[in-house]
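Numbering (our numbering), first residue to last: 85 to 163. Even glycine gets a Cβ: it sits at the ideal position worked out from N, Cα and C. Below is one structure, written out as structure tokens; the observations come after it.
Pasting the structure below:
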């Protein structure tokens, strides 16, 4: 698992996870699962899109900057 922060990529019109200054997940897609830090605890969620992007079961006015962790295997260069 890798930890990072959710960021909105205006070029692709979708959210991504930033792990480090130049290290990104590569873009999140509807239905993608990961954990988000809420109230000091990791909670499982998935990202979806209706009128806007949202996290299932998570209340947040702004997703930018939320601390997340994701199992990414070789997708992001490590386990």
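Reduced DSSP category for residue i - H, G, I as helix; E, B as strand; rest coil
i, result
"residue 88", "strand"
"residue 163", "Residue confidence for residue 163 is low, a pLDDT of 44 falling below 50, so the modelled location carries little weight and cannot support an answer."
CB of residue i within 9 Å of CB of residue j, strictly
i, j, result
"residue 130", "residue 118", "yes"
"residue 92", "residue 126", "no"
"residue 90", "residue 148", "yes"
Straight-line Cα distance separating residue j from residue i
i, j, result
"residue 122", "residue 151", "8 Å"
"residue 142", "residue 128", "9 Å"
"residue 163", "residue 87", "Summary for residue 163: the model assigns pLDDT 44, below 50, so the residue's position carries little reliability; its value from the coordinates is reported in the next sentence. Rounded to the nearest angstrom, the two C-alpha atoms are 11 Å apart."
Same chain, Cβ closer than 7 Å to residue i, five either side skipped, listed in chain order
i, result
"residue 154", "85, 86, 101, 109 and 118"
"residue 156", "86 and 109"
Own chain, CB closer than 8 Å to residue i, minus 5 neighbours either side, in chain order
i, result
"residue 115", "130, 131 and 132"
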